[in-house]
Amino acid sequence: MKKSNGRNKINIAVFISGKGSNLKNLIKYSLKKNSKYTISLIISNNFKAKGLEYSRKFKIEKKIFNYKSVKSSEKIIIKKLKSRNIKIICLAGFMKILSRSFIKKFNNKIINIHPSLLPKYKGLNTHEKAIRNKDKYSGCTVHYVNSQLDSGKIIMQKKVKILKSDNSHTLSKRILKQEHIIYPKALASVLSSL
Ligand code: GRF
C-alpha cells in the first residue's frame with residue numbers, strides 16, 4: 000500500500016552523495032507553513048555522506064546503496080519510490096549517473112541543481128573552468144534530468160559575478176548561496192505544474 004504523509008503534501012525524494020546543504024535547505028523550505036511538499040525519502044550512494052545526518056535530525060527515512068550493480072540498486076530504489084508515492088526526485092550533489100531506463104520511468108520527474116550557467120560547463124570542476132576561461136559570470140542552474148549529462152530543459156538559473164580575487168572555493172561558496180535560493184523556487188514551480 001502507498002504511504003500517505005497525512006498532510007496532503009506532495010512527496011519528494013532527495014538524492015545526495017556529500018555535504019547535503021541543498022538537502023538541508025529544501026527540508027527547511029518544506030517545513031514552511033505554505034509549502035506544498037514534504038521530503039519523505041533520502042537516497043545516497045555514499046554511506047559516509049555528511050548530509051545523511053539530516054535523516055536523523057528531521058526524522059526522514061534514508062536508504063543507502065553501494066551501486067555495485069546499478070540495475071539491482073535502481074530496482075530497489077524504484078520500489079521504494081513507488082511505495083512512498085514519490086512524485087518528484089531532486090538530485091542535490093548526487094554523484095552517480097542514473098540509468099536511461101530509470102530516467103525514462105521518471106520522465107520529467109527528476110530535477111537537478113548544477114553549479115554553472117548551463118549549457119556551459121557540464122560535468123565536474125565547473126568553478127575552475129569558469130575562472131580559467133576568465134568568464135565574467137558563472138552561476139547555477141536547476142534543470143530537468145534527461146539521459147544526457149546536465150542537458151535537460153532548464154527550469155531556473157542565477158548568474159553570479161566572478162571577482163578578480165576569486166578562487167574556486169570562494170566562487171563556489173557564493174554560488175552555493177544562490178543555489179539555496181533558486182532550488183526551492185524551481186521545485187515550487189515544478190510542483191505547481193504537476
Ligand atoms: C552543489 O554545488 C550542487 O550544485 C552540485 O553539488 C553540490 C552539492 O552541494 N550538484 P551540497 O551537498 O548540497 O552541499
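Taken in order, the sequence shown gives residues 0 to 193; the numbers are from the working numbering. Note that CB positions come from ideal geometry on N, CA and C, so glycine has one too.
Segment contact: the region 82 to 95 against the region 11 to 24, three or more CB-CB distances shorter than 8 Å; contact assigned. Around the beta-carbon of ARG131, fewer than 16 other beta-carbon atoms lie within 10 Å, marking it exposed. Remark: C-beta atoms of SER115 and GLY138 approach each other more closely than 8 Å. Between the ligand GRF and the CB of SER167, the shortest heavy atom gap is not smaller than 7 Å. Contact annotation, ASN45 with HIS179: C-beta distance approximately 21 Å; criterion of less than 8 Å not satisfied.
A Cβ-Cβ distance of about 6 Å is found for the pair LEU40 and ILE85, placing them in contact under the 8 Å criterion. Assignment of beta strand (DSSP E) within the region 88 to 113, counting only whole runs of 3 or more residues, yields 109 to 113 in chain order. The residues TYR136 and GLY138, in chain order, have a CB closer than 6 Å to that of LYS158 in the same chain once the five nearest residues on each side in sequence are set aside. The residues ASN44, SER72 and LYS95, in chain order, have a CB closer than 8 Å to that of TYR66 in the same chain once the five nearest residues on each side in sequence are set aside. Residue environment analysis places GLY50 among the buried positions, since at least 16 neighbouring C-beta atoms fall within 10 angstroms of its C-beta. Residue pairing of PHE14 in beta bridges, as defined by DSSP: ILE42 and LEU90. ILE77 and TYR53 have their C-alpha atoms spaced approximately 22 Å apart.
For LYS119, the CB stays at least 7 Å from every heavy atom of the ligand GRF. In the structure shown, the three-state DSSP call for VAL69 is helix. With a cut-off of 7 Å, the C-beta of LYS18 is classified as near the ligand GRF, since at least one heavy atom of the ligand falls inside that distance.
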